[in-house]
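Each remark here refers to the structure printed beneath this line.
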Amino acid sequence: MSAEDLEQYESELELQLYREYKDVVGIFTYAVETERRFYLCNAVDLKVRTEGGDVYYEVSMADAWVWDMYRPARFVKSAKVLTFRDVSIEEITHSDLQVPKNVP
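Going by the numbering used here, the residue at position 45 of the sequence shown is 69; the numbering climbs one at a time, nothing skipped.
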């Protein structure tokens with residue numbers, strides 16, 4: 025497999041992942057971003073931990089979807105992340121007003 029073939033394969037995987045994200049984002053409540061991954065989930069708990077003077081974060085998620093194009097199954101029942109880096113948690117706002125796709 026050439027470098028060009030590999031690049032095209034990865035581009036196709038990323039496009040499929042983006043399409044899947046667009047299809048599933050509406051069923052989740054939170055978006056969680058760590059230094060390594062992006063998650064969608066319906067429950068999230070963030071705990072700040074200290075050990076030996078160091079501070080780290082423990083993020084627990086339930087009913088999650090993982091942005092990772094190399095995972096065969098992106099839906100997981102629960103996920104836990106331990107990190108020394110920043111964690112971003114946002115509540116996803118779902119508009120009550122849905123604009124029809126076939127509007128001229």
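Idealized CB from N, CA, C, for every residue including glycine.
Secondary structure of residue i, DSSP reduced to three states
i, result
"residue 56", "strand"
"residue 27", "helix"
"residue 110", "coil"
"residue 94", "coil"
According to DSSP, residues forming a beta bridge with residue i
i, result
"residue 117", "The partner list for residue 117 (beta bridge, DSSP) is empty, contrary to what the question assumes."
"residue 43", "For residue 43, which the question treats as bridged, DSSP gives no partner whatsoever."
Buried versus exposed call for residue i [16 or more other C-beta atoms within 10 Å across all chains shown]
i, result
"residue 42", "exposed"
#### Entry: Meets three-Cβ-pair contact criterion under 8 Å: the region 56-66 and the region 86-106
yes
#### Entry: Three-pair Cβ contact test at 8 Å for the region 110-118 versus the region 48-64
yes
### Message
Under 8 Å, with one C-beta from each stretch per pair, do the region 97-115 and the region 70-84 reach the 3-pair mark?
### Response
yes
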